[in-house]
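> So for the sequence shown, the numbering used here puts the first residue at 106; every next one is plus one.
Shown below is the structure under consideration.
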Amino acid sequence: MKKLFWVGIGIGVGVLAARKLSEAKDLASADGMNRTVARLSDSLHEVAEAFRTGMNERETELRQALGLDETSGTSHH
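If you want it as structure tokens, here you go:
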């Protein structure tokens, strides 16, 4: 019974290793690299956009707190 258990574990590890190797080969190909770079670029763009949005919101809050927007009537962005 122990041998059957260890054979099952070995098969499971082998299947997982084969899947990871296949994923690594896909990422190493030109198309895989393009997809990876595109995903990273999209993520970076989203982070930068969230940062800009937060920065603009905070600037608006500070300008209102200091009373700078009340005299000009427009937002300074």
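We treat Cβ as the ideally placed atom computed from N, Cα and C, and that holds for glycine.
These numbers come from a predicted model, not from an experiment.
In the structure shown, what three-state DSSP assignment does serine 146 receive?
Indexing the sequence shown from 1 puts residue 146 at position 41. Serine 146 falls in the helix class under three-state DSSP.
> Please report the Cβ distance between leucine 132 and methionine 138, rounded to the nearest whole angstrom; I am assuming they are in contact, meaning their Cβ atoms lie under 8 Å.
Against the sequence shown, residue 132 aligns to sequence position 27. Against the sequence shown, residue 138 aligns to sequence position 33. Right, their Cβ atoms sit about 7 Å apart.
> What is the residue span of the alpha helix (DSSP H) that glycine 172 lies within?
One-based indexing of the sequence shown puts residue 172 at position 67. No alpha helix (DSSP H) contains glycine 172, which DSSP labels as neither H nor E.
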